[in-house]
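Structure first, then comments.
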Amino acid sequence: GLFPDFLVGTVLYVLIIIGGLILLIIPGIVWAIKYQYYGYLIVDKKLSPFAAIKESGKITYGHKWHLLGLELVMLGVNIIGLLLLGIGLFVTIPTTSLAAASVYRTLSGRK
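Residues 295 to 405 (my numbering) make up the sequence shown, in order.
Okay, structure coming up:
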C-alpha cells in the first residue's frame, strides 16, 4: 500500500531536514523546499520513497526562490489564522494546502 512508502518517505524527508539544520539553517531550508513534494509523488505517481525524494528535487530545480516566497506567504497566512484565536487555521490550513497542491500539479506538468 501507499502508507508504508509514505511513512518511509516522511522519515527520509525529516532526516534530510534535520541533517541540513545540523549543518546550518540555510541548507535545512533549501532541502525542505527542494524535497517538499515527496508525499505528493508517492501518492500521485506511486513512486518509492527514494524515487519520490529524487523526483521532488528534479521538479523543484530552478524554482527554489519562487517556492521560498510561496512558503513565506503561506506561513504568514497561517500565522494570521493562528492569531485569530486559532479558529482561522480551519480556513488557512486547507487554503495553503490547496495552494501547495496546485503548485505541485504545475511543477509536475499536470496543470
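Cβ atoms here follow ideal geometry from the backbone N, Cα and C, with glycine treated the same way.
Review point. So, do the segment 367 to 383 and the segment 314 to 325 have three or more beta carbon pairs nearer to each other than 8 Å?
Key: Flag = no, the segment 367 to 383 and the segment 314 to 325 do not touch.
Review point. Hey, out of Glu365, Ser391, Val367, Phe300, whose CA is closest to Ala346's CA?
Key: As a position in the sequence shown, residue 346 is number 52, starting the count at 1. Cα-wise, what sits closest to Ala346 is Phe300.
Practice item. Give every residue of the same chain whose Cβ lies closer than 6 Å to the Cβ of Ile336, excluding the five residues on either side of it in the sequence, and list them in chain order. Key: The count along the sequence shown starts at 1 and reaches residue 336 at position 42. The beta carbon of Ile336 lies closer than 6 Å to those of Asp299, Phe300, Gly303, Ala346 in the same chain, with the five residues before and after it left out.
Practice item. Quick one: which unbroken alpha helix (DSSP H) runs of 4-plus residues sit fully inside the segment 308 to 333? Chain order, please. Key: Fully enclosed alpha helix (DSSP H) runs of 4 or longer: 319 to 328.
Review point. By how many angstroms is the C-alpha of Leu392 removed from the C-alpha of Leu306?
Key: For the purposes of this step, residue 306 is taken as the residue at position 12 of the sequence shown. For the purposes of this step, residue 392 is taken as the residue at position 98 of the sequence shown. Their backbone Cα atoms lie some 24 Å apart in a straight line.
Practice item. For Lys358, I'd like the list of residues in its chain whose CB is within less than 8 Å of its CB, leaving aside the five on either flank, ordered along the chain. Key: Looking up residue 358 in the sequence shown gives position 64. If we look at Lys358 and ignore the five residues flanking it on each side, its Cβ neighbours are Val324, Ile327, Lys328.
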